[in-house]
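Engineer:
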Amino acid sequence: DENLKEAPATPPYNLSEYFKQFLFPQNECELHNFRLSFSQLKWDKWIIAPHRYSPQYCKGDCPRVVGHRYGSPVHTMVQNIIYEKLDSSVPKPSCVPAEYSPLSVLTIEPDGSIVYKEYEDMIATKCTCR
Amino acid sequence: PHSRGRVVSDKISGLLVAPEDNTSELNSLLRLPKGVKRGYALLPPLLKVLSDRGHQNWESEVPRLRPDSRALRYMKRLYKMSATKEGIPKANKSHLYNTVRLFTPCSECKHRDLMKGDVHSVDLLFNLDRVTALEHLLKSVLLYSFDTSVPISSSITCVCHLSVKERDFSSQVCPSISHSIAVSLHFEVRKRKWVEIDVTSFLQPLIATKRRNIHMAVNFTCLMGDPQQNTKLENPINMALVPPSLLLYLNDTSEQAYHRWNSLRHRRKNPVRPRQRSSLLVPTGDKENSQGKRASRRRR
Chain A
5 DENLKEAPAT PPYNLSEYFK QFLFPQNECE LHNFRLSFSQ LKWDKWIIAP
55 HRYSPQYCKG DCPRVVGHRY GSPVHTMVQN IIYEKLDSSV PKPSCVPAEY
105 SPLSVLTIEP DGSIVYKEYE DMIATKCTCR
Chain B
1433 PHSRGRVVSD KISGLLVAPE DNTSELNSLL RLPKGVKRGY ALLPPLLKVL
1483 SDRGHQNWES EVPRLRPDSR ALRYMKRLYK MSATKEGIPK ANKSHLYNTV
1533 RLFTPCSECK HRDLMKGDVH SVDLLFNLDR VTALEHLLKS VLLYSFDTSV
1583 PISSSITCVC HLSVKERDFS SQVCPSISHS IAVSLHFEVR KRKWVEIDVT
1633 SFLQPLIATK RRNIHMAVNF TCLMGDPQQN TKLENPINMA LVPPSLLLYL
1683 NDTSEQAYHR WNSLRHRRKN PVRPRQRSSL LVPTGDKENS QGKRASRRRR
């Protein structure tokens, strides 16, 4: 009730948004942008391309009922129950990458030869709770 | 420590080689727990390389050959054709390679042939130390770049004689010729800055045996005119040819390399599963019945 008294009179169509804040944590587990350029790392002398690289990362709290939303196995909920009811030294499920995409890199090797290489799992594209 | 060793991802790509100023930072990341020599032995080979190279300072290593500017231009063009600006490999089914290495010749003893005109032959030595055991050859190409500022008529014909030299260690005589081929090319220089000569079948046996050094003599003669129009091939072009680079298209089978067919297979494994039609499960005896149902369903 207090919340409702405090809450501004929200127009009816915004009700689902309003209730969502009670269903899932504010900073829910999701993918965050991160862009770097190899010149920041001073690696641009030997990494010719790409100039910019967006590895992305996963951050946020895992809601208690993670099932369908994150494609989490049942073990994740079991781990949450252990943390809440049995032993809080067992960590809560973590927000981690679930899928990646590759990256193509053009580099100069120590012997002066040039190599184009495609690396697996270099950019996080989806997050999950585990 | 053992399980912790397993937690460290073995997917760290060869990309994270320590440059000069991040050595300490990277080292602290890779530094092994005190006295965990056993743990070190369990680390994936790649991490060993990283932690070893973490001690080498990028600049203080032996002076390296700076890449040839033409070769660098060619590889940048190959990169643009193979990946997006953000570095994502293009879903190009035709290209199965996930690694392309370009080698410039270590040494070449150019000697002009006494024959008439400009017969350009050079001895080339390519060092292939950078090719790893898990990189399998798909295609190899000799890459000539033409200095197109020289005014040349539109079409020329070139003949390239290639011979591989085996160093015969038993006797001190100079390397003998092990096998050679002649390749004839006809092309228009005005449109092309690069000429690629496919030498895959020629070099396959050497690269398959993980040969570290390839010593070859290349004799490259270009003449004006077009043999099809049987214009007389005359006055050989006096063209300054830059020694060719060796281009290897490889399939890196290591874990951290991107495998197109793998991602294709992955997509095939989890397609959006089409709904099974119940009639497929009907035993044959009721075939007419099910067809009747199907027809009426379709009509509906």
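As given, the protein sequences belong to chains A and B, one line each in that order. Residues in the first sequence are numbered consecutively from 5, following this note's numbering. Residues in the second sequence are numbered consecutively from 1433, following this note's numbering. Here a beta-carbon is modelled for each residue, glycine too, at the ideal position from N, C-alpha and C.
Could you say which of A:Ser20, A:His36, A:Ala128, A:Leu40 lies nearest to A:Gly64 if we only look at CA atoms?
Structural biologist: Out of A:Ser20, A:His36, A:Ala128, A:Leu40, A:His36 has the C-alpha closest to the C-alpha of A:Gly64.
Engineer: At the 7 Å Cβ level, is B:Cys1541 part of the contact set with chain A, yes or no?
Structural biologist: Low confidence applies to B:Cys1541: its pLDDT is 47, below 50, so where it sits in the model is not reliable enough to give any reading.
Engineer: Alpha carbon to alpha carbon, what distance is there between A:Ser43 and B:Ser1577?
Structural biologist: When rounded, the distance between both Cα atoms is 30 Å.
Engineer: Would you identify the three-state DSSP class for A:Lys63, choosing helix, strand or coil?
Structural biologist: Residue state, collapsed to three classes: strand.
Engineer: Starting from A:Asn84 and walking both ways along the beta strand (DSSP E), at which residues does that stretch end?
Structural biologist: No beta strand (DSSP E) contains A:Asn84, which is instead part of the alpha helix (DSSP H) from 78-85.
Engineer: Taking just the CA atoms, how far does B:Arg1644 sit from B:Phe1535?
Structural biologist: Cα to Cα, the separation comes out at about 12 Å.
Engineer: Could you give the residue range of the beta strand (DSSP E) that holds B:Lys1642?
Structural biologist: From DSSP, B:Lys1642 is part of no beta strand (DSSP E); its letter is neither H nor E.
Engineer: Please check the pair B:Ala1689 and B:Asn1530, which I expect to be a contact at CB under 8 Å, by giving their CB distance rounded to whole angstroms.
Structural biologist: With 8 Å as the limit, B:Ala1689 and B:Asn1530 qualify as a contact, their Cβ atoms being about 5 Å apart.
Engineer: Note down, in chain order, every chain B residue with its Cβ under 9 Å from the Cβ of A:Pro77.
Structural biologist: Here the premise fails: no neighbours, minimum Cβ distance about 16 Å.
Engineer: According to a CB-to-CB cut-off of less than 9 Å, which residues of the segment 80-98 of chain A neighbour chain B?
Structural biologist: Those residues of the segment 80-98 of chain A that come within reach of chain B (Cβ to Cβ, closer than 9 Å) do not exist; the list is empty.
Engineer: Mapping DSSP to helix, strand and coil, what is B:Leu1635?
Structural biologist: Note: B:Leu1635 maps to helix in three-state DSSP.
Engineer: Does A:Ala53 come within less than 7 Å of chain B when only Cβ atoms are used?
Structural biologist: A:Ala53 counts as touching chain B.
Engineer: Considering only the alpha carbon of each residue, which of A:Ser92, A:Cys62, A:Tyr57 lies closest to B:Thr1516?
Structural biologist: Checking every option, the nearest Cα to that of B:Thr1516 belongs to A:Tyr57.
Engineer: What would DSSP say about B:Leu1569, mapped onto helix, strand or coil?
Structural biologist: B:Leu1569 falls in the strand class under three-state DSSP.
Engineer: Just the Cα atoms here: how many angstroms apart are B:Trp1626 and A:Ile52?
Structural biologist: Straight-line Cα distance between these residues: approximately 21 Å.
Engineer: Would you kindly check if the distance between the Cβ of A:Thr129 and the Cβ of A:Ser76 is under 7 Å?
Structural biologist: Result no, Cβ atoms of A:Ser76 and A:Thr129 do not sit closer than 7 Å.
Engineer: Is the Cβ-Cβ distance between B:Leu1566 and B:Ser1686 less than 7 Å?
Structural biologist: Contact flag set, yes.
Engineer: What did DSSP end up calling B:Arg1692 once you bin it into helix, strand or coil?
Structural biologist: Looking at B:Arg1692 - three-state DSSP - the assignment turns out to be helix.
Engineer: Just to confirm, are A:Pro101 and A:Asn84 a CB contact at a threshold of 7 Å?
Structural biologist: Taking 7 Å as the Cβ cut-off, A:Pro101 and A:Asn84 do not qualify as a contacting pair.
Engineer: Looking only at DSSP bridge pairs, what is B:Met1648 linked to?
Structural biologist: B:Leu1556, B:Val1596.
Engineer: Between B:Val1532 and B:Ser1572, how many whole angstroms is the CB-CB distance? I'm expecting something under 8 Å.
Structural biologist: The Cβ separation is near 11 Å, so there is no contact.
Engineer: Alpha carbons only, please: which of B:Pro1521, B:Leu1528, B:Val1554 is nearest the one belonging to A:Leu107?
Structural biologist: Cα-wise, what sits closest to A:Leu107 is B:Pro1521.
Engineer: Nearest CA to the CA of A:Asp125: which residue from A:Val109, A:Val78, A:Val119, A:Gly116?
Structural biologist: The residue with the shortest Cα to Cα distance from A:Asp125 is A:Val109.
Engineer: Excluding five sequence neighbours on each side, which residues of the same chain lie with their C-beta closer than 8 Å to the C-beta of A:His55?
Structural biologist: Correct list, in chain order: Ser41, Phe42, Ser43, Asp48.
Engineer: Could you give the first and the last residue of the continuous beta strand (DSSP E) run that contains A:Ala53?
Structural biologist: Element bounds for A:Ala53: 51-53.
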